[in-house]
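For my numbering, count along the sequence shown from 1 and bump the result up by 27.
Below is one structure; the comments refer to it alone.
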Amino acid sequence: MYMFLLYLGSGQIQLWQFLLELLSDTSNGGYITWEGRDGEFKLLDPDEVARKWGERKCKPNMNYDKLSRALRYYYDKNIMSKVHGKRYAYKFDFGGLAQVVQQNSEVSGYSLHPSDISVRRNFEFDSGKEIRKY
């Protein structure tokens, strides 16, 4: 089993990491869920996702407007994109995500190549700290 750490770099959780954390826990299925198997997910209750993100970051005024602005930042970085024609639907670009993790890992001395991440959703979280690929 191949593992790689998500929380590389500053130690601060990023929004994309937080979303993966929520998606990995089926008890969050009432407000965020996977759609298909290609990295697409949907915010069923975007206000609740934003509230939880604000709670996690100690920002009580967080709302979906602010959260969606932060998500748009990821489009240019090829971490995720908006699914056109679907409200509150986004798609992770696991290739772009792997490049971000690789860049961060070069700073920390951990080696990861973008090909180590599959575009398919074949991973699981372990306490929100790491992803296991199988």
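Cβ atoms here follow ideal geometry from the backbone N, Cα and C, with glycine treated the same way.
DSSP, read as helix, strand or coil, puts Y58 in coil. For K93, the uninterrupted alpha helix (DSSP H) run begins and ends at 91-103, by DSSP. As the crow flies, the alpha-carbon of Q41 is around 26 Å from that of G112. Listed as beta-bridge partners of A77 by DSSP are no residues whatsoever. Counting every other CB atom within 10 Å of its CB across the protein chains shown gives K79 a total of 16 or more, marking it as buried. Judged by DSSP in its simplified three-state form, L70 adopts strand. Across the structure, Q130 and E48 are spaced so that their CA atoms are roughly 21 Å apart.
Cβ neighbours of S108 within its own chain (closer than 6 Å, five residues either side excluded): Y102, K118.
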